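Its first residue numbered 525, the sequence shown is counted upward by one per residue in our numbering. A virtual CB, placed ideally from N, CA and C, is assigned to each residue, including glycine. Values in this document were obtained by computation on a predicted structure and should not be read as measured data.
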Amino acid sequence: MSRILLNSRIGHSNITHSYLITKKPKPMCDSCNTPFTIEQIIINCPKYTSSRHLLLNLTTLEEALNQFNSANIFNFFKSIGLDDKLLYSCIQPYFVINSRLIIFNFMN
Numbered sequence: 525m526s527r528i529l530l531n532s533r534i535g536h537s538n539i540t541h542s543y544l545i546t547k548k549p550k551p552m553c554d555s556c557n558t559p560f561t562i563e564q565i566i567i568n569c570p571k572y573t574s575s576r577h578l579l580l581n582l583t584t585l586e587e588a589l590n591q592f593n594s595a596n597i598f599n600f601f602k603s604i605g606l607d608d609k610l611l612y613s614c615i616q617p618y619f620v621i622n623s624r625l626i627i628f629n630f631m632n
């Protein structure tokens, strides 16, 4: 659950950003033909309107993703079937600190 929330909060997920690694076309929403982003999924897409009641019908991304709404956002992604698609399956999170590559393994 925490990885899904983290990916949502930073706006980078497998479903929205894997095209950068795979060199496939940028994903587009099949419902409204706009770029598939976290904000599009949570706030704008009419396809998920009926599930937004889980988010208490919040109207901004900041409200929806705040720490007090964590369980609701997780339940929202689960209800629309995107919970597992938000996780990076082939991309490992990393940072470069003082010219050293630091790779994070959240699986352990």
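_Gly535 vs Ile562 beta-carbon contact at 7 Å_ = Stepping through the sequence shown from its first residue, residue 535 is reached at position 11. Stepping through the sequence shown from its first residue, residue 562 is reached at position 38. Yes, Cβ-Cβ distance for Gly535 and Ile562 is below 7 Å.
*Can you tell me which of the three DSSP states Pro570 falls into?*
Locating residue 570 in the sequence shown gives position 46, where the first residue counts as 1. Helix, per DSSP.
*Closer than 7 Å by C-beta to Cys569: which residues in its own chain qualify, once you throw out the five before and the five after it? Chain order, please.*
Mapped onto the sequence shown, residue 569 falls at position 45. Contacts found: Cys553, Ser555 and Cys556.
*asked:* Please return the same chain residues whose Cβ sits closer than 7 Å to the Cβ of Ser532, not counting the five positions on each side in sequence.
replied: Against the sequence shown, residue 532 aligns to sequence position 8. So the list reads Ile562, Leu589, Ile597 and Leu610, once near-sequence residues are dropped.
*asked:* In whole angstroms, give me the CA-to-CA distance for Pro551 and Ser537.
replied: The count along the sequence shown starts at 1 and reaches residue 551 at position 27. The count along the sequence shown starts at 1 and reaches residue 537 at position 13. Ser537 has its alpha-carbon roughly 12 Å from the corresponding atom of Pro551.
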